[in-house]
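For the sequence shown, the numbering used here begins at 1 and goes up steadily by one.
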Amino acid sequence: MEDVFGPAGVIARSHKNYEYREGQVKMANAIADAFAQKRHLIVEAGTGTGKTLAYLIPAIATALSEKKRIIISTGTKNLQEQLMEKDIPFLQKVLPKKFSAAYMKGRGNYACLYRVQKAEHQPILDGVGQLDQFDAVRRWTYETQTGDRRELVDLPEDLSFWNRINARGDVCIGQKCPEYEPCFITRMRARADAADILIVNHHLFFADLNVRGNQFGKVLPDYAAVIFDEAHLIEDIASDYFGFQVSSFQLDELVRDTDTLPITDAIVTRDLTKAAAKIIALADHFWIKFAMARFDGRFPLTQDLFSYRDREGSDQPTPLGEAYLALDGALGSLVATLDPLAETAPEIDSLVRRARQARFDLDFVTSQSERNYVYWIEKRGKGMFLRASPVDVSELLREKLFDKVDTCILTSATLSSAGSFNFVRERLGLDTAKTSGFTAPSSFDFEEQSILYLPKAMPDPRSPEFTQLAAGEIVKILAVTQGHAFVLCTSNQSMNALHELVSSRVNYPCFVQGSMSKAGLLERFRETPNAVLFATSSFWQGVDVQGDQLSCVIIDKLPFAVPTDPIVAARSRFIDENGGKSFFEYSIPQAVITLKQGIGRLIRSRTDRGIIAILDPRIKTKGYGRDFLRSLPRMRITDRIEDLEDVFVSAAGTS
Ligand code: SF4
Numbered sequence: 001m002e003d004v005f006g007p008a009g010v011i012a013r014s015h016k017n018y019e020y021r022e023g024q025v026k027m028a029n030a031i032a033d034a035f036a037q038k039r040h041l042i043v044e045a046g047t048g049t050g051k052t053l054a055y056l057i058p059a060i061a062t063a064l065s066e067k068k069r070i071i072i073s074t075g076t077k078n079l080q081e082q083l084m085e086k087d088i089p090f091l092q093k094v095l096p097k098k099f100s101a102a103y104m105k106g107r108g109n110y111a112c113l114y115r116v117q118k119a120e121h122q123p124i125l126d127g128v129g130q131l132d133q134f135d136a137v138r139r140w141t142y143e144t145q146t147g148d149r150r151e152l153v154d155l156p157e158d159l160s161f162w163n164r165i166n167a168r169g170d171v172c173i174g175q176k177c178p179e180y181e182p183c184f185i186t187r188m189r190a191r192a193d194a195a196d197i198l199i200v201n202h203h204l205f206f207a208d209l210n211v212r213g214n215q216f217g218k219v220l221p222d223y224a225a226v227i228f229d230e231a232h233l234i235e236d237i238a239s240d241y242f243g244f245q246v247s248s249f250q251l252d253e254l255v256r257d258t259d260t261l262p263i264t265d266a267i268v269t270r271d272l273t274k275a276a277a278k279i280i281a282l283a284d285h286f287w288i289k290f291a292m293a294r295f296d297g298r299f300p301l302t303q304d305l306f307s308y309r310d311r312e313g314s315d316q317p318t319p320l321g322e323a324y325l326a327l328d329g330a331l332g333s334l335v336a337t338l339d340p341l342a343e344t345a346p347e348i349d350s351l352v353r354r355a356r357q358a359r360f361d362l363d364f365v366t367s368q369s370e371r372n373y374v375y376w377i378e379k380r381g382k383g384m385f386l387r388a389s390p391v392d393v394s395e396l397l398r399e400k401l402f403d404k405v406d407t408c409i410l411t412s413a414t415l416s417s418a419g420s421f422n423f424v425r426e427r428l429g430l431d432t433a434k435t436s437g438f439t440a441p442s443s444f445d446f447e448e449q450s451i452l453y454l455p456k457a458m459p460d461p462r463s464p465e466f467t468q469l470a471a472g473e474i475v476k477i478l479a480v481t482q483g484h485a486f487v488l489c490t491s492n493q494s495m496n497a498l499h500e501l502v503s504s505r506v507n508y509p510c511f512v513q514g515s516m517s518k519a520g521l522l523e524r525f526r527e528t529p530n531a532v533l534f535a536t537s538s539f540w541q542g543v544d545v546q547g548d549q550l551s552c553v554i555i556d557k558l559p560f561a562v563p564t565d566p567i568v569a570a571r572s573r574f575i576d577e578n579g580g581k582s583f584f585e586y587s588i589p590q591a592v593i594t595l596k597q598g599i600g601r602l603i604r605s606r607t608d609r610g611i612i613a614i615l616d617p618r619i620k621t622k623g624y625g626r627d628f629l630r631s632l633p634r635m636r637i638t639d640r641i642e643d644l645e646d647v648f649v650s651a652a653g654t655s
């Protein structure tokens with residue numbers, strides 16, 4: 001590692017801004033040891049460690065020396081793209097030994113050549129305004145090497161027809177496809193098969209892990225080891241992929257694709273149209289009965305929603321249960337109508353598969369017979385999603401991943417709570433004997449670069465006057481920082497209330513999440529002098545604003561997960577029923593990790609300076625507050641607003 005990272009090493013010789021970082025070298029050595037000893041390793045590496053090179057170098061060395069493929073899995077597509085576009089090309093240029101790397105994203109990111117061609121003759125556009133956009137996509141499919149929609153930078157992110165021309169697995173007709181050879185998925189797989197290092201994201205990784213070994217085969221080529229970056233996201237993503245889901249969109253698409261089958265026989269077409277129309281009517285009737293899902297959000301499903309026990313002791317369907325049975329019958333009729341037509345059109349196999357899968361998933365969710373699952377419904381915009389998720393993924397991960405793969409490295413800026421990795425070990429099922437934990441020291445000097453402000457006399461966040469007083473504190477802090485701040489809130493309600501109260505009292509441009517896309521808001525924030533951004537969950541992580549533009553992060557409340565959320569409630573109940581104490585074993589460590597993510601937005605380089613303000617007094621008044629404070633980087637703490645200037649004064653003094 002010294003040859004690579006050392007002061008006279010390969011990287012120092014090729015990168016003029018390279019700085020030797022002790023934490024980076026220690027992390028790289030720990031990872032190299034884990035590969036050599038075939039052990040798992042958890043590495044917490046805060047901002048400023050240089051963790052991507054610290055894992056890429058030992059991964060490449062091990063892949064080449066053992067002639068085995070290593071997977072790097074990221075939590076977000078942004079990081080996946082950064083690795084492929086920046087870090088990997090850099091290492092391919094400077095490392096003496098050649099290695100190959102490829103990336104794979106979920107199939108929905110790629111254009112399907114077959115569907116694009118079909119779309120030229122089918123109405124898939126929402127209006128004539130999209131004609132030019134479709135034409136641009138069509139022409140691009142002739143030129144692109146990858147078919148990855150990320151290349152379509154001039155088109156809007158929410159291209160409504162993309163879902164009807166992408167290469168999703170459930171609509172692919174596989175080897176019957178006339179475009180199978182030039183297909184972007186076929187080519188992506190060929191590149192992945194030849195790669196020493198394969199970069200994927202957690203969604204794709206767990207989609208593969210879920211089907212690996214069953215009749216659907218596998219999505220990824222075989223691999224010897226895996227490195228998870230942004231590993232704090234694993235539990236939720238794995239839980240999604242080990243679960244079951246049926247959505248209103250899914251049923252709508254099934255009907256639409258049935259309606260557009262290229263079938264010329266008038267009688268068959270009439271039967272199919274009838275079957276499809278029946279599904280539409282019954283699906284509408286079914287979804288409308290979920291009275292609790294009138295507003296956006298996630299709601300638990302209880303068994304008595306679908307059936308009840310009558311006086312004779314037999315199960316009877318409720319009105320919702322009857323609506324489900326009618327919908328299930330209509331899906332069954334569609335399968336029966338389509339099945340004998342399999343030779344008529346190549347799409348029919350996949351339609352039958354989709355209708356059968358929808359029936360299976362609906363049955364799984366409505367019967368609620370698996371005790372280890374939590375059943376819930378989510379309403380998001382126009383969509384309804386019925387879902388079943390495993391309450392605890394640790395057993396599944398142990399069995400499918402950690403017992404099967406020799407080395408799994410889990411890294412992130414936030415994996416420990418109060419100095420311990422027990423939380424992540426237990427949540428993910430990592431065997432203590434085979435897994436070491438390691439914290440790579442950051443190269444940032446948080447004591448010098450930042451100050452933590454915990455204002456005096458704030459009331460309990462549940463009290464009615466909290467929001468008013470929090471707004472007052474924010475106004476005072478902004479007067480010191482002249483804007484340049486993120487106000488990170490734990491709920492939309494709190495975000496909107498604080499935005500309204502503060503924006504009317506300050507002269508800085510105030511932005512609020514939801515007013516435009518996340519990327520658009522970040523760009524506006526970066527470009528606008530003295531800006532203040534009010535945001536919730538999606539801005540607590542994965543956001544990078546370097547320099548003076550972000551000099552202050554204000555956190556309204558300790559970020560405990562919403563206890564009524566069906567998954568959070570089910571996980572807590574599971575821990576309590578198994579003799580644990582969910583508040584201490586789940587709620588606190590989970591909130592500590594989220595808080596560390598939020599705080600991590602502030603200091604992004606050695607020259608950044610700034611203020612962290614936590615307005616929730618429980619961090620000082622409650623016993624568990626110590627766990628939060630112990631988990632943060634060592635910083636100077638103050639409750640005096642006058643002290644906040646100091647962090648900038650010392651910056652001026654040192655510059
Ligand atoms: S093989 Fe599947 S994804 Fe590829 S072009 Fe054909 S239908 Fe589309």
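Using N, Cα and C, we set each Cβ at its ideal position, and we do this for glycine too. Since this is a predicted model, take the numbers as computed values, not measurements.
Contact belief for residue i with residue j at Cβ below 8 Å, rounded distance in angstroms
i: phenylalanine 534; j: arginine 524; result: Not really, about 13 Å apart at Cβ, beyond 8 Å.
i: arginine 526; j: glutamine 549; result: 6 Å
i: glutamine 122; j: threonine 260; result: 6 Å
i: leucine 125; j: valine 137; result: Between valine 137 and leucine 125 the Cβ distance is about 11 Å, and since that is not below 8 Å, they are no contact.
i: alanine 355; j: valine 335; result: 5 Å
i: cysteine 552; j: alanine 485; result: 4 Å
i: alanine 276; j: threonine 258; result: 5 Å
DSSP state of residue i mapped onto helix, strand, coil
i: proline 300; result: strand
i: glycine 213; result: coil
i: phenylalanine 389; result: Here residue 389 is serine; the residue named in the question, phenylalanine, does not match the sequence. Of the three classes helix, strand and coil, the one that applies to serine 389 here is strand, per DSSP.
i: histidine 121; result: coil
i: isoleucine 611; result: strand
i: isoleucine 199; result: strand
i: valine 487; result: strand
i: histidine 15; result: coil
i: serine 160; result: coil
i: leucine 155; result: coil
i: glycine 9; result: coil
i: tryptophan 540; result: coil
i: methionine 384; result: strand
Residue i Cβ short of 7 Å to the ligand SF4 heavy atom set
i: leucine 261; result: no
i: glycine 174; result: yes
i: leucine 351; result: no
i: tyrosine 142; result: no
i: glutamate 656; result: Residue 656 lies beyond the stretch modelled for the chain, which goes from 1 to 655, so this question has no answer here.
i: leucine 401; result: no
i: arginine 115; result: yes
i: isoleucine 185; result: yes
i: alanine 345; result: no
i: tyrosine 20; result: no
i: glutamate 253; result: no
i: glutamate 179; result: yes
i: alanine 291; result: no
i: alanine 192; result: no
i: alanine 167; result: yes
Whether residue i touches residue j by CB criterion (8 Å)
i: glutamate 230; j: leucine 79; result: yes
i: leucine 83; j: threonine 74; result: yes
i: isoleucine 555; j: isoleucine 641; result: no
i: arginine 168; j: glutamate 447; result: no
i: alanine 291; j: leucine 251; result: no
i: serine 350; j: aspartate 170; result: yes
i: leucine 209; j: lysine 105; result: no
Cβ shell of residue i (< 6 Å), same chain only, five flanking positions each side left out
i: isoleucine 279; result: Val255 and Ala330
i: threonine 435; result: His40
i: lysine 379; result: Ala293 and Asp296
i: arginine 21; result: Gly50 and Ser443
i: proline 559; result: Thr490, Ala591, Thr594 and Leu595
Beta-carbon proximity list for residue i, same chain, < 7 Å, skipping 5 on both sides
i: phenylalanine 648; result: Arg609
i: glutamate 179; result: Leu113 and Tyr114
i: lysine 518; result: Ser538
i: glutamate 157; result: Ser517
Same chain, Cβ closer than 8 Å to residue i, neighbours up to 5 away in sequence not counted
i: isoleucine 31; result: Leu41, Val43, Ala54, Tyr55, Pro58, Ala59, Ile227 and Ile409
i: alanine 652; result: Per-residue confidence for alanine 652 stands at a pLDDT of 49, beneath the threshold of 50, marking its modelled position as unreliable; the derived number appears in the next sentence. Hits under 8 Å: none found.
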